[in-house]
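With mature numbering (1 follows the signal peptide of the UniProt record, and there is no 0) as the guide, the letters of the sequence shown map in order to residues -19 to -1, 1 to 611. We put the beta carbon where it would ideally sit given N, CA and C, even for glycine. Working notes, beginning with the structure itself.
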Amino acid sequence: MTLSTVLASLALLALPVSAKQFAAIDAVQPDRILARATPTLTGSATATPRSGEYFGPVVIDGITYSVLYDTGSNALWIKNGTTVSGPGFSVTYGSGTVSGNVTSGTVSVAGSTVLNQRYGVATSWNPAYNGYDGILGLGKSSTQLGGYSTWMANAMPLYKQPLFAVNMPPTGSATYTFGYDDAAHENGPLSFKSTDSTNLWYPTITSFNIPANDTAMDCNIDSGTTDITVPSSIAYAFWNQVSTATTTDGQRWTFPCSNSGTVPNFSVTIGGVKYTVAAANTYFQDTPTHGVCGSRLQGRPSGCILGQPFFYSNYVAYHYGNTTVGLTGRNLSKSTFKMAPNHKIAVIQLHPKPLLPTQNFERAESFIRESAAQGCHLAVLPEYHLTSWVPDEPGFKDSCADSDIYLKKYQDLAKELNICIVPGTIIESQGDSLQNIAYFISSNGEIAGRYQKKNLWHPERRHLVSSAHEPHTAFDTPLGRVGLLICWDLAFPEAFRELIADGAQIICVPTFWSMRDVSDEGYALNSDGEALFLNNTVVARAFENTCAVVLVNAGGPPEKGEATSFAGLSQVAIPHIGALGRLGRAEGMSIVDLDMDVLRVAEENYKVREDMQAEGWHYAYTRIRDDTKL
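Below is the structure:
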């Protein structure tokens, strides 16, 4: 294939999600009711990269949504599968329009809680937003959705300082701090610049520091845009410095990656100070087989946006009180990936007693309290830990009747002990059928994620309802982005691929696996075959997905009257290292120190996620499925 053919066929990054323009109707200004109005409040939120954008948690009426944190817009809206009866709204962004109706609720972000906050519930949106739970606008406007107060207008007075700041390294998660700026990430003091009279953050660039066609203009510093966009004349002047760079439209440039060493740094002068974007952040590399690089500094007929590549090299603070933007170089020695946290995880291999949920809960609670006392951040229990799996017993369905009560007990326990909990699975009724549900409960007692078992073990199918075609989705937690799977899901690598495509770094897998989950013929071939299956598969899933897999199985030998011999072998598996804290088959607990930096090393080595995100990647994990061909 010739280079010209490759250049012609290369699919470059999508248009950015910015150049946001706003339209709304039904303007009614509500009374604002603020909670915890204190001038000493500070908080922070982690925004996890997914498909080139950064998503962080917003809690609305106790439900956590993973939304785009966007300094280039002002509205707060979510998708939750419902329709509300409030006034209509419509918001237009660079990638399309979102519309729906306005309602109100309690909104918590980064330590603040705003009561009666107005927000939109979307009922229609451009397909570009299919993967979004919503957007949190962090612009400087005081109104949104047709005249209602923005979250910024309501929340900023609660913080110690009416500002927030963004640390966004090129690898790993971004951190948004509210009420303060984090000097550890600043390479020198912040210099605050005035912004224009629009509702967004536009300081004036006095020079683009290029050989020709230089100009001055206002430019939006926008965390919600994947690229830098400048007038085409500026882009031409910049990319003309790379002799092999070509363009067909004056917007995107391509060049052989073998010439990437000739790409210069990009810089802008704002308020008399030059701010630089490292050359490596002005382009991206397509799959290694193509060897072609594409521009992340792009041309447009007009306008200017300093998107994510600008943040990779610079630390940005937004002062809502005086509508200024504070800038300094980012302290690269403090990059998030170099300061990846260690998480202490308790793997609780419980021996569930059939039809005795009260006794099993008390045993689980004892283990969780012990793990919290030892400083654990997360405790994980096995599948069917409250009732065991005895579906043919007459009292089995009745023993599942109080599932909501036990879920609430675990929520209260998580909040009391300040520990995240995955309470194995909890059986819930759906008419005459049962659902097998795993929850992730955050350390504040709120439910961050819920998953209904999809791949049912064959004997379960007479009793349980599968989640069938619902996609596997990850969610934001205090430990980063997490996914949930259950037991036999382990045998399906597609489930793991969907989760890491959604940004999962940790995947928890409660199981109920015995040594006799195999035919007599299989057992005769190898009586230890199920242990072999578990140990090898868990480690393989960790390696092939550059993630941590937390497998927690039931344990304990069969007691009188019981027929199950549990496989145990609960463990945490990570790439490069393998199994950590692997237990035997008896009931017990193992505490594992999970170094998240290992995942960074693995991804940099194997580049699995990088390949999956590439345009035109041959497996294209977009859940394309034709049941007629199965």
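Extent of the continuous alpha helix (DSSP H) to which residue i belongs
i, result
"Val582", "Asp578 to Tyr587"
"Ala523", "Gly510 to Asn526"
"Arg478", "Pro474 to Ala482"
"Leu126", "Taken as a continuous stretch (DSSP letters only), Leu126 belongs to no alpha helix (DSSP H), as it is neither H nor E."
"Gln330", "Careful: Gln330 lies outside any alpha helix (DSSP H), inside the beta strand (DSSP E) at Asn323 to Gln330."
"Ser214", "Ser213 to Trp220"
"Gly503", "Asp501 to Leu506"
"Phe291", "Gln289 to Ser294"
"Leu388", "Ser384 to Leu398"
"Ile349", "Pro338 to Ala354"
"Asp379", "Phe377 to Ser380"
Host beta strand (DSSP E) of residue i (start-end)
i, result
"residue 613", "No information on residue 613 is available, as it lies outside the stretch -19 to 611 that the chain covers here."
"residue 613", "Since the displayed the chain opens at -19 and closes at 611, residue 613 lies outside it and no answer follows."
"Trp438", "From DSSP, Trp438 is part of no beta strand (DSSP E); its letter is neither H nor E."
"Trp132", "Here Trp132 belongs to no beta strand (DSSP E); instead the alpha helix (DSSP H) covers Trp132 to Ala136."
"Phe265", "Tyr264 to Gln266"
"Ser25", "Gly24 to Arg31"
Anticipated Cβ contact below 8 Å, residue i with residue j, distance rounded
i, j, result
"Asp199", "Thr210", "Incorrect: roughly 13 Å between the Cβ atoms, too far for contact."
"Arg91", "Gly24", "Per the sequence presented here, residue 91 reads as Ala, with Arg not at that position. Their Cβ separation, rounded to whole angstroms, is 3 Å, which keeps Ala91 and Gly24 in contact under 8 Å."
"Trp58", "Gly115", "5 Å"
"Asn168", "Asn312", "5 Å"
"Asn61", "Val102", "6 Å"
"Ser408", "Thr368", "The displayed chain sequence assigns Ile, not Ser, to residue 408. So it is a contact: roughly 6 Å between Cβ atoms."
"Ser551", "Leu564", "5 Å"
Option nearest residue i by Cα separation, candidates the options
i, options, result
"Lys121", "Thr179, Asp162 and Glu167", "Thr179"
"Tyr110", "Gly43, Tyr100, Phe36 and Gly86", "Phe36"
"Asp578", "Phe342, Cys528 and Gly569", "Cys528"
"Gln142", "Gly430, Thr454, Tyr301 and Gln340", "Tyr301"
"Phe473", "His332, Asp509, Ala261 and Asn436", "Asn436"
"Thr250", "Glu397, Gly307, Ser188 and Gly231", "Ser188"
"Val531", "Ala523, Pro538 and Gly537", "Ala523"
"Ala395", "Val371, Ala429 and His366", "Ala429"
"Pro237", "Ser224, Asp203, His439 and Val306", "Ser224"
"Gly280", "Ser546, His324, Val297 and Thr227", "Thr227"
"Thr196", "Cys285, Glu167 and Asp208", "Cys285"
"Arg99", "Asn135, Gly112 and Arg431", "Asn135"
"Val490", "Ala482, Asp470, Arg478 and Ile481", "Asp470"
"Met133", "Gly33, Val48, Ala103 and Tyr299", "Tyr299"
"Tyr46", "Asn55, Val553, Gly307 and Tyr113", "Tyr113"
"Leu388", "Gly405, Gly565, Arg277 and Asn399", "Gly405"
"Gln222", "Thr206, Lys255 and Asn190", "Asn190"
"Trp106", "Ser130, Pro138 and Thr73", "Thr73"
"Val533", "Glu364, Thr104 and Thr368", "Glu364"
"Gln355", "Pro333, Ile572 and Asn82", "Ile572"
"Thr207", "Gly412, Lys255 and Tyr264", "Tyr264"
"Trp234", "Val582, Gly205, Gln266 and Ala26", "Gln266"
Alpha-carbon to alpha-carbon, residue j and residue i
i, j, result
"Phe173", "Tyr293", "19 Å"
"Ala165", "Ala28", "18 Å"
"residue 658", "Ile402", "Because the chain here runs from -19 to 611, residue 658 falls outside it and cannot be looked at."
"Leu(-8)", "Leu362", "Model confidence at Leu(-8) stands at a pLDDT of 34, short of 50, so the residue's coordinates are unreliable and nothing is read from them."
"His324", "Ser213", "46 Å"
"Val297", "Asp51", "13 Å"
"Ala371", "Ile326", "This sequence places Val at residue 371; Ala is not what is there. So the alpha carbons of these two residues sit roughly 29 Å apart."
"Ala260", "Ala146", "24 Å"
"Pro11", "Pro68", "Residue confidence is low: Pro11 scores 36 on pLDDT, short of 50, so the model does not pin down where it sits. Its coordinate-derived value is still stated next. Their backbone Cα atoms lie some 12 Å apart in a straight line."
"Thr305", "Glu568", "58 Å"
"Ala485", "Ala193", "45 Å"
"Leu(-5)", "Ala218", "With a pLDDT of 34 at Leu(-5), under the threshold of 50, the modelled position of that residue is not reliable, and the figure given next carries that caveat. In a straight line, the C-alpha of Leu(-5) is about 21 Å away from that of Ala218."
"Leu15", "Gly160", "The predicted position of Leu15 is uncertain, since its pLDDT is 43 and thus under 50; a value taken from the coordinates is nonetheless stated next. Rounded to whole angstroms, Leu15 to Gly160 spans 16 Å at the Cα level."
"Gly310", "Phe291", "10 Å"
"Asp177", "Gln433", "49 Å"
"Thr243", "Ser85", "53 Å"
"Gly77", "Pro108", "8 Å"
"Val258", "Asp592", "24 Å"
"Glu346", "Asn586", "40 Å"
"Ala18", "Asn97", "Low confidence applies to Ala18: its pLDDT is 43, below 50, so where it sits in the model is not reliable enough to give any reading."
"Leu415", "Ser448", "11 Å"
"Ser495", "Ser93", "46 Å"
"Leu580", "Thr21", "36 Å"
"Asn246", "Trp220", "11 Å"
Are the region 556 to 565 and the region 494 to 514 touching, with three or more C-beta to C-beta distances below 8 Å? no
With a cut-off of 8 Å, do at least 3 Cβ pairs link the region 331 to 345 to the region 376 to 392? yes
Would you check if the region 371 to 381 and the region 506 to 515 touch, i.e. whether three or more CB-CB distances between them fall below 8 Å? no
Is it a yes or a no for the region 411 to 431 touching the region 450 to 458, going by three-plus beta-carbon pairs under 8 Å? yes
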